[in-house]
Amino acid sequence: MRSHILPKAFFMQSALVVAHELLGKFLVVSKNGKRRSSMITEIEAYDGFEDKASHAARGKTLRNAPMFQEGGIWYVYLIYGMYNMLNVVTGPRAYPAAILIRGVDGIGGPGKLTRLWGITRFYNGLPLNQSTGLWIEDRGVVIPQKLITKSPRVGVMYAGPVWAQKPYRFFICPSEINALYFKEPGAGKSA
DNA sequence: TAAGTGATCTCT
DNA sequence: GAGATCACTTAA
2 MRSHILPKAF FMQSALVVAH ELLGKFLVVS KNGKRRSSMI TEIEAYDGFE DKASHAARGK
62 TLRNAPMFQE GGIWYVYLIY GMYNMLNVVT GPRAYPAAIL IRGVDGIGGP GKLTRLWGIT
122 RFYNGLPLNQ STGLWIEDRG VVIPQKLITK SPRVGVMYAG PVWAQKPYRF FICPSEINAL
182 YFKEPGAGKS A
C-alpha cells in the first residue's frame, strides 16, 4: 500500500497529537475530474474551551458549531471578507478542537491555499473522504522530530499572554522539505 | 504600513 | 439594526 486515506479514527485523537501527525501527510482535493495534492507543511492547533485563541473560547455559535462535532469533518470559515480558512475538526463530540491547515508544500499561507485550490465553505461540516472530494492521505513520509519547529500561533494576540504564546503552531523547516520525498516512482510530489 | 472585504457576533 | 471584529494577503 503506497498511500491510504486517513480514517475518522485518526481525527478522534487530541488536537495536539493530530497536529503533529498531519505534518508530512497529503492534502488532496478532487474537483471537476481534476485532482490536486500537496504535502502539509504548516498547521496550528486550537484545543478546547480554555483555549482563548480558539473560536470556541466563548461557547458554541452558528459559525463554530462544526468544532463541537466528532473529529473527521472540515471546519471552513471566511475571514477578513475574503479568505476561507481550512480546518480539520478533531476529538470527541462536544469537545471543541480543530487544526488550521496553514500551508502545504509550495503554498505558504492559509488564505492562499484555499484561494488557489478553490476550497470554500462548501466543505464546511462535511467529512474528510472521497465522497466529499477533500481528504488527507498518508503516503509514508516520515518527518524527523528535529525538522519540526514550534512557535506561537499567528494573529491571536487578542487571546492574552498565556494563550497567545502557546507553541501550537508546527511547521517543517522549508529548506528540508524536498529531502523528505521518497525517490521511488509513484511517490512524491505528483498526485 | 495600510487597505480591502463581508460574515458573524455583541451589543442596543 | 448598528458597530466592531477578524486564525489574511498584497501592494507600497
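When you read off a place in the first sequence, starting at 1, and then add 1, the result is the number in this note's numbering.
Note that CB positions come from ideal geometry on N, CA and C, so glycine has one too.
Beta-carbon proximity list for residue i, same chain, < 6 Å, skipping 5 on both sides
i    : result
S31  : G134
L181 : V142
P186 : With a pLDDT of 49 at P186, under the threshold of 50, the modelled position of that residue is not reliable, and no figure is offered here.
H56  : N65
G112 : Y84
A46  : A16, L17, A20, I100, Y169
Selection from the options that minimises the alpha carbon distance to residue i
i    : options                : result
S152 : V143, E138, P168, P145 : P168
M68  : S176, G49, Y81         : G49
E177 : S15, G25, Q14, A20     : G25
A160 : R59, I137, N33, I41    : R59
M40  : V90, W75, L114, G82    : L114
G34  : P162, L148, S132       : S132
L148 : F11, P97, T42, R116    : T42
Q14  : A98, P128, F27, R116   : A98
G82  : F12, R116, P145        : R116
F12  : P162, P128, M86        : P128
Y124 : E51, I144, Y76, Q70    : Y76
Residue i - DSSP class collapsed to helix/strand/coil
i    : result
V155 : coil
S191 : Any answer about S191 is weak, because its pLDDT of 49 lies below 50 and its placement is not dependable; what the coordinates show is given next. The answer is coil: DSSP assigns S191 none of H, G, I, E or B.
M13  : coil
P145 : coil
P186 : Legend: pLDDT at P186 = 49, less than 50; position of this residue unreliable, value from coordinates given subsequently. It is coil, neither helix nor strand.
Y81  : coil
S176 : helix
F171 : strand
G107 : coil
L87  : strand
K113 : helix
L129 : coil
Cutoff 7 Å; reference residue i; Cβ partners in own chain excluding five residues on either side
i    : result
A165 : A54, P153, V157, M158
Residue j beta carbon less than 8 Å from that of residue i
i    : j    : result
G72  : K9   : yes
L23  : I44  : yes
N130 : I6   : yes
R64  : Y84  : no
D139 : S4   : yes
A20  : I100 : yes
V90  : I102 : no
I137 : F27  : yes
Spatial neighbours of residue i in its chain, beta-carbon cut-off 8 Å, leaving aside the 5 residues before and after
i    : result
A192 : In this prediction, A192 scores a pLDDT of 45, lower than 50, which makes its location untrustworthy; the coordinate-derived value is nonetheless stated afterwards. Closer than 8 Å at the Cβ level, and outside the excluded window around A192, lie V29, R36, R37, S38.
T150 : F171, F172, I173, C174
V155 : E45, R103, R170
Residue(s) in a DSSP beta bridge with residue i
i    : result
H5   : D139
G60  : In DSSP, G60 forms no bridge with anything.
L101 : E45, N88
F69  : In the DSSP output, where bridge partners are listed per residue, F69 has none listed.
W199 : What the structure shows of the chain is the stretch from 2 to 192, and residue 199 is not part of that stretch, so it cannot be assessed.
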